[in-house]
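Working notes for the structure below.
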Amino acid sequence: MTNFLSLSDVVNLDALIQSGIDAKANPFADQHLGKNKTIGLIFFNSSLRTRISTQKAAQNLGLNVITMNVGQDSWGLEMEDGVIMNSDKAEHVREAAAVIGRYCNIIGIRAFAELKDRAKDYQEQVMHQFAKYAGVPIVNLESATRHPLQSLADCITIEEVKRQTPTLPAKPKVVLTWLPHFKPLPQAVANSFCEWMNARAKSGDIEFVVTHPEGYELAPEFVGNARVIYNQDEAFEGADFIYGKNWSSYTHYGQVLTQDPSWAVTMNDIHLTNNGKFMHCLPVRRNLKVADEVLDSPHSLVIEQAANREWSAQAVLKEILKSN
Ligand code: CP
24 MTNFLSLSDV VNLDALIQSG IDAKANPFAD QHLGKNKTIG LIFFNSSLRT RISTQKAAQN
84 LGLNVITMNV GQDSWGLEME DGVIMNSDKA EHVREAAAVI GRYCNIIGIR AFAELKDRAK
144 DYQEQVMHQF AKYAGVPIVN LESATRHPLQ SLADCITIEE VKRQTPTLPA KPKVVLTWLP
204 HFKPLPQAVA NSFCEWMNAR AKSGDIEFVV THPEGYELAP EFVGNARVIY NQDEAFEGAD
264 FIYGKNWSSY THYGQVLTQD PSWAVTMNDI HLTNNGKFMH CLPVRRNLKV ADEVLDSPHS
324 LVIEQAANRE WSAQAVLKEI LKSN
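So the sequence shown is residues 24 to 347, counted in our numbering.
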């Protein structure tokens with residue numbers, strides 16, 4: 024693996040999931056791989072899980088870790104080529120990426136969608152500019168359109184529950200549901216979850232359904248062959264896993280079209296499922312998107328899911344260290 028920007032960088036998904044599960048069982052088995060090497064974690068946006076779990080995973084592999092918040096710890100970075108740099112951004116990504124690439128053997132980048140210009144966000148300019156100029160492998164710590172380390176942790180979590188629950192059907196039903204929120208949020212987590220679950224569905228591991236109000240259709244390249252059901256109750260019937268997430272509209276780009284509270288997940292929704300588990304990438308706004316009674320119940324997997332972020336990061340960094 025050279026870069027880890029999306030699912031397309033993964034050669035063998037089953038093996039990567041198993042590598043994460045193995046890392047969880049034996050975190051320090053590959054400490055030699057990162058010895059005398061350094062990873063730089065560059066954040067354009069806030070983070071709790073991604074920052075700490077990736078740092079921990081890197082340390083488990085023997086890597087030194089440097090973390091930087093762009094614009095607070097460093098100069099603001101200009102991404103556009105050929106512009107007169109007379110804005111508040113004092114440094115161009117061409118120099119910044121090249122310089123960080125001299126200090127670090129791997130660079131992780133978090134850069135969210137701005138939600139103003141769909142074409143620009145979906146071009147993934149920040150990831151591609153770093154990949155072009157850094158000269159070292161780039162890891163996506165959540166970009167404008169994807170959050171692949173989260174999706175890998177989600178795959179690990181579902182696989183673990185499958186192995187621990189013999190009563191689950193051979194192809195558990197996984198439902199991605201839109202949740203209400205007053206703020207426009209990016210589509211990255213939902214896009215990525217679709218991308219990775221479609222791959223799992225294609226290999227016969229799960230059945231995948233997406234549910235959301237009209238107007239919240241995700242980009243066709245991410246929805247793929249997933250079944251889209253606009254009635255949430257119908258989608259939840261017999262579900263083994265409910266994955267909740269809010270996203271702003273893709274078609275009316277970046278807009279909040281509804282905040283309908285009936286889309287929040289409560290215990291009444293869980294009762295429609297096959298004793299289903301609830302998943303969310305976190306952070307989650309309690310009682311706006313999902314009720315306390317769900318998050319505080321044995322149905323919730325959110326803490327285990329977040330814990331698995333360490334093992335998804337470790338599986339990816341191990342793969343990159345092995346091939347570079
Ligand atoms: N799920 C996730 O990426 O969490 P953070 O935004 O806190 O990193």
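From the three backbone atoms N, C-alpha and C, an ideal C-beta is built for every residue, glycine too.
Assignment of beta strand (DSSP E) within the segment 272 to 318, counting only whole runs of 3 or more residues, yields 300 to 302 in chain order. Taking Lys139 as reference, the option from Leu344, Thr200, Leu208, Leu311 with the minimal CA-CA separation is Leu208.
Where Phe153 is concerned, the enclosing alpha helix (DSSP H) starts and stops at 148 to 156. The C-alpha of Asn26 is placed about 17 Å away from the C-alpha of Phe66. Annotation: the continuous alpha helix (DSSP H) that includes Glu183 extends over 171 to 187. Looking only at Lys341, Ser29, Ser335, Ile343, the smallest Cα-Cα distance to Cys178 is reached by Ser335. Between the ligand CP and the CB of Ser272, the shortest heavy atom gap is not smaller than 7 Å.
By the Cβ rule, the segment 228 to 237 counts as touching the segment 190 to 208, because three or more pairs are nearer than 8 Å. A Cβ-Cβ contact shorter than 8 Å links Arg309 with Leu318. Excluding its 5 nearest sequence neighbours in each direction, Ser323 has C-beta neighbours in its own chain below 7 Å: Phe301, Val317, listed in chain order. The three-state reading of DSSP puts Met91 in strand, counting E and B together. Residue state for Phe135 is assigned as coil, using DSSP reduced to three classes.
Counted as a single uninterrupted DSSP element, the beta strand (DSSP E) harbouring Leu64 occupies residues 61 to 66.
The distance from the Cβ of Leu56 to that of Leu39 is about 16 Å, inconsistent with a contact at the 8 Å cut-off.
By alpha-carbon distance to Val159, the top candidate from Ala249, Asn128, Phe205, Gly43 is Asn128.
The criterion of a C-beta distance shorter than 8 Å is satisfied by Cys217 and Val246.
Here Ile62 really is in contact with Gly131; their C-beta atoms are around 6 Å apart, less than 8 Å. Tyr126 counts as exposed, since fewer than 16 other C-beta atoms from the protein chains shown sit within 10 angstroms of its C-beta. The count of Cβ pairs closer than 8 Å, one atom from the segment 159 to 175 and one from the segment 264 to 283, stays below three, leaving the stretches out of contact. Short note on Leu318: C-beta not closer than 7 Å to any heavy atom of the ligand CP. Under the three-state reduction of DSSP output, Tyr239 falls in the coil class, being neither helix nor strand. Counted as a single uninterrupted DSSP element, the beta strand (DSSP E) harbouring Leu199 occupies residues 196 to 201. Sixteen is the threshold: when 16 or more other Cβ atoms of the shown chains lie within 10 Å of the Cβ of Asp144, as they do, the residue is buried. Taken from the Cβ of His170, at least one heavy atom of the ligand CP lies inside 7 Å. When C-alpha distances from Ala314 are compared across Asp292, Gln148, Gln282, the shortest belongs to Asp292.
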